[in-house]
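Each number in the numbering used here comes from the position in the sequence shown (counting from 1) with 13 added on.
All C-beta atoms, glycine included, are put in the ideal place defined by N, C-alpha and C.
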Amino acid sequence: MGTQKHSLTPNGFIKTLSILHMGLISGPILFGTIIYFQTQNTSFDFSNTNDIYLMIVPIVAVSCIFLGDFIFKQSIKNIPETIDLKQKLARFQTASIIKYALAEAPALFGVVAFMITENMAYLVVSVVLILYFFMLKPTKDKIVRSLNLNGEEKNQFNRLNQPIP
């Protein structure tokens with residue numbers, strides 16, 4: 014039994030990151046859909062001043078979006094120019110997963126707040142976060158731009174089905 018060496022290709026990297034992205038985004042979508050169809054008496058109410066979630070859900074949502082973006086940018090900025098493309102892609106993947114998780118968490122929190130209160134406002138916040146999450150879908154251009162790849166690295170990454178040395 015020989016060991017098989019799996020080579021990383023740009024196309025494979027993008028597919029892997031896309032699968033992770035879709036896997037994380039499917040959680041809030043499925044959970045929100047199930048809770049929505051199981052809820053009987055929904056309302057759209059901003060007037061309940063005793064509802065603490067009216068402040069917490071938007072604050073958590075905005076905070077997580079900015080925190081995810083900040084962590085992502087700092088992680089990318091701290092990638093040394095001297096490391097090879099594989100290592101840069103590994104760090105990009107880590108930074109992306111953190112950013113995805115910080116987009117997913119408040120979406121799930123909004124669904125939970127909707128489940129507890131039956132207030133559609135929280136589900137709307139979750140839908141907006143899911144739409145934002147869709148915009149984070151990894152593409153070749155986003156990766157090249159984010160990593161600010163130099164000439165040779167860009168050439169390697171543009172050869173989508175060629176293994177990255």
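Residue i to residue j, Cα distance in whole Å?
i	j	result
Lys177	Phe85	Sequence check: residue 177 is Ile here, not Lys. Cα to Cα, Ile177 sits roughly 23 Å from Phe85.
Phe127	Ser39	18 Å
Val157	Phe44	33 Å
Ile129	Gln53	12 Å
Ser56	Ala134	8 Å
Gln87	Glu94	14 Å
Asn63	Pro23	51 Å
Ile110	Lys90	16 Å
Ser60	Asn132	11 Å
Met68	Asp58	13 Å
Gly164	His34	28 Å
May I ask you to list the residues that DSSP assigns as paired with residue i?
i	result
Ser159	According to DSSP, Ser159 bridges with nothing at all.
Ser56	Asn132
Let's test the definition: count the other Cβ atoms within 10 Å of the Cβ of residue i and tell me whether it reaches 16, buried, or not, exposed.
i	result
Lys167	exposed
Phe170	buried
Pro151	buried
Leu98	buried
Ala120	buried
Leu30	buried
For residue i and residue j, which I take to be in contact (beta-carbon distance under 8 Å), what is that distance rounded to the nearest angstrom?
i	j	result
Ile78	Ala103	Going by Cβ atoms, the distance from Ile78 to Ala103 rounds to 24 Å, so no, they are not a contact pair.
Lys153	Ile27	6 Å
Thr160	Lys112	Residue identity check: residue 160 is Leu in the sequence provided, not Thr. Contact doesn't hold; Cβ gap of about 14 Å is too wide.
- [ ] Report yes or no: do the stretch 108-125 and the stretch 43-62 share at least 3 C-beta pairs separated by less than 8 Å?
- [x] Below 8 Å, enough C-beta pairs join the stretch 108-125 and the stretch 43-62 to call them touching: three or more.
- [ ] Count the CB pairs spanning the stretch 127-143 and the stretch 63-75 that are closer than 8 Å, and state whether there are at least three.
- [x] Contact between the stretch 127-143 and the stretch 63-75 is present, because at least three Cβ pairs lie under 8 Å.
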